[in-house]
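S.K.:
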Amino acid sequence: MSFLPVLRSLEKYILSLCDVNSPNYLNSKDEFAMRNWFYDDGAQMRAFFVLVLVLIFIQGCTTGEKSPEVVVTKKPVNKMETDDYYHVCPKMKVSNAPKIDNNRRIKKYQPYINVNGVTLALVPLRGGCLSSGFGPRNGGWHKGIDFYQRPADMVYAAADGVILEREFYKTYGNMIVIDHGEGVYTCYAHLKNFERNTRIGSKVKAGAALGIMGNTSTIRIPVNLHYGLLTGDYNNPKRAYGLKAHDPFSFVGR
Ligand SMILES: [Zn+2]
């Protein structure tokens with residue numbers, strides 16, 4: 001006997017199984033053809049065909065159901081990945097702290113700020129918390145914002161740019177200064193180390209590893225990151241120290 005009518009009736013039967021609302025399709029003629037086929041010689045060969053059809057049936061039924069799509073949000077590669085909210089450090093006296101809610105979440109927070117058309121990560125870390133704000137502190141002026149993180153982890157470039165400085169300074173310890181163009185600069189102080197590809201003149205991409213958060217300085221300080229946002233003309237005798245420091249949080253919502 002020919003395989004064709006058997007396959008057709010099997011196909012009809014299988015398709016009818018996919019639709020739970022319709023009665024199974026099998027008339028007596030089809031049933032007869034199938035019985036003959038199953039009890040005939042060469043049953044093993046046919047068993048293989050049945051297996052293939054069963055697999056097709058399973059596939060047909062499962063693809064018929066629409067499973068919810070998994071949406072993976074991917075931020076643009078030229079920007080740092082940051083969280084959608086950020087905390088002020090708990091159990092710490094945080095000077096000049098921005099306003100927070102009951103969960104210590106910073107009320108006016110956004111992952112990126114725009115400074116002179118340059119998009120910068122507001123937090124150049126993954127994780128951590130804000131341990132000091134910008135402004136008057138201990139009789140001086142804190143020219144950046146500080147972050148605390150345990151265990152201390154990598155510090156990243158806030159935006160694309162060129163490394164201008166990579167030196168040890170008395171107060172700032174191991175510090176990197178990046179030129180982002182448009183008169184916008186960022187600095188990262190107290191680093192434990194300098195990562196590769198952070199030589200002076202190196203081009204860095206947003207999110208490039210700069211060094212591990214540390215406590216390098218000539219004075220004793222806790223492990224933390226001092227992050228500075230600077231604008232102005234770098235070609236001045238004091239270089240980065242001659243630039244104007246800004247509170248990065250003051251650019252939120254602008
Ligand atoms: Zn600081």
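Under our numbering, the first residue of the sequence shown carries the number 1, and numbering increases by one thereafter.
Backbone N, C-alpha and C fix where the C-beta goes; we use that ideal spot for every residue, glycine too.
(1) Could you give the uninterrupted runs of the beta strand (DSSP E) lying entirely in the stretch 119-154, keeping only those of 3 residues or more?
(2) Mapping the DSSP letters down to three states, classify A240 as helix, strand or coil.
(3) Could you check the C-alpha separation between K75 and Y241 for me, to the nearest Å?
(4) Who are the Cβ neighbours of N215 in its own chain at under 8 Å, not counting the five residues just before and after it?
(5) Rounded to the nearest angstrom, how far is the Cβ of A158 from that of T186, given a contact under 8 Å?
(6) Given a cut-off of 8 Å, decide if K143 and A245 are closer than it, judged by their beta-carbon atoms.
(7) May I ask you to check if the CB of G144 is nearer than 7 Å to at least one heavy atom of ligand 1?
(8) Pick helix, strand or coil for M175, following the three-state DSSP scheme.
(9) Does the Cβ of H246 lie closer than 7 Å to at least one heavy atom of ligand 1?
(10) Shorter than 7 Å, the distance from the beta carbon of S132 to the closest heavy atom of ligand 1, or not?
(11) Could you check if D146 is buried or exposed, using at least 16 other CB atoms within 10 Å of its CB as the buried criterion?
(12) Hey, quick one: how far does the beta strand (DSSP E) through V184 stretch, first residue to last?
(13) Quick check on DSSP: helix, strand or coil for F49?
(14) Hey, would you say D160 sits closer than 8 Å to V115, going by beta carbons?
(15) Can H226 be considered in contact with ligand 1, in the sense that its beta carbon sits closer than 7 Å to one or more heavy atoms?
(16) On a CA-only basis, which of A97, D233, H226, V54 is nearest T171? Give me that one, please.
(17) R196: which of I212, V184, Y112, P151 sits nearest, CA to CA?
(18) Taking the C-alpha atoms as reference points, what is the distance between T231 and L122?
(19) Of all the options I178, V118, P111, D101, which has the alpha carbon lying nearest to the alpha carbon of G201?
(20) Using CA atoms only, rank isn't needed, just tell me which of T119, F48, V54 is closest to G253.
(21) Taking Cβ positions, are P111 and D84 nearer each other than 8 Å?
M.R.: According to the structure data:
(1) 129-132, 135-137, 140-142, 145-148
(2) For this step, residue 240 is matched to residue 240 along the sequence shown. Secondary structure of A240 (DSSP, three-state): helix.
(3) If you number the sequence shown from 1, residue 75 lands on position 75. If you number the sequence shown from 1, residue 241 lands on position 241. For K75, the predicted structure reports a pLDDT of 49, less than 50, and the residue's modelled location is therefore unreliable. The matter cannot be settled from this model.
(4) Stepping through the sequence shown from its first residue, residue 215 is reached at position 215. Cβ within range, chain order: G173, H190, K192, I221, P222, V223, N224.
(5) Taking the first residue of the sequence shown as 1, we reach residue 158 at position 158. Taking the first residue of the sequence shown as 1, we reach residue 186 at position 186. Right, their Cβ atoms sit about 5 Å apart.
(6) Position 245 of the sequence shown, counted from the first residue, corresponds to residue 245. Position 143 of the sequence shown, counted from the first residue, corresponds to residue 143. The answer is yes: Cβ separation under 8 Å.
(7) For the purposes of this step, residue 144 is taken as the residue at position 144 of the sequence shown. G144 Cβ: within cutoff of ligand 1.
(8) By one-based count along the sequence shown, residue 175 stands at place 175. Note: M175 maps to strand in three-state DSSP.
(9) Counting from 1 along the sequence shown, the entry for residue 246 is found at position 246. Flag unset: Cβ of H246 not near ligand 1.
(10) Numbered from 1 along the sequence shown, position 132 holds the residue referred to as residue 132. Yes; taking the cut-off as 7 Å, the Cβ of S132 has a heavy atom of ligand 1 nearer than that.
(11) Reading the sequence shown from its first residue, position 146 is the one you call residue 146. With 16 or more Cβ atoms within 10 Å of its Cβ, D146 is classed as buried.
(12) Counting from 1 along the sequence shown, the entry for residue 184 is found at position 184. For V184, the enclosing beta strand (DSSP E) covers residues 184-191.
(13) Within the sequence shown, residue 49 is the residue found at index 49, counting from 1. Here F49 sits in helix by DSSP.
(14) Reading the sequence shown from its first residue, position 160 is the one you call residue 160. Reading the sequence shown from its first residue, position 115 is the one you call residue 115. No. Outside cutoff.
(15) Stepping through the sequence shown from its first residue, residue 226 is reached at position 226. H226: yes, Cβ under 7 Å from ligand 1.
(16) Along the sequence shown, one-based indexing puts residue 171 at 171. Considering only alpha carbons, the answer is H226.
(17) Numbered from its first residue, the sequence shown carries residue 196 at position 196. Considering only alpha carbons, the answer is I212.
(18) On the sequence shown, residue 231 is found 231 positions in, with the first residue counted as 1. On the sequence shown, residue 122 is found 122 positions in, with the first residue counted as 1. A direct Cα-to-Cα measurement between T231 and L122 gives close to 15 Å.
(19) If you number the sequence shown from 1, residue 201 lands on position 201. With distances taken between CA atoms, G201 lies nearest to I178 out of I178, V118, P111, D101.
(20) Locating residue 253 in the sequence shown gives position 253, counting from the first residue. Of T119, F48, V54, the residue nearest in Cα terms is T119.
(21) Position 111 of the sequence shown, counting from 1, holds the residue named residue 111. Position 84 of the sequence shown, counting from 1, holds the residue named residue 84. Against a cut-off of 8 Å, the Cβ pair of D84 and P111 comes out as a contact.
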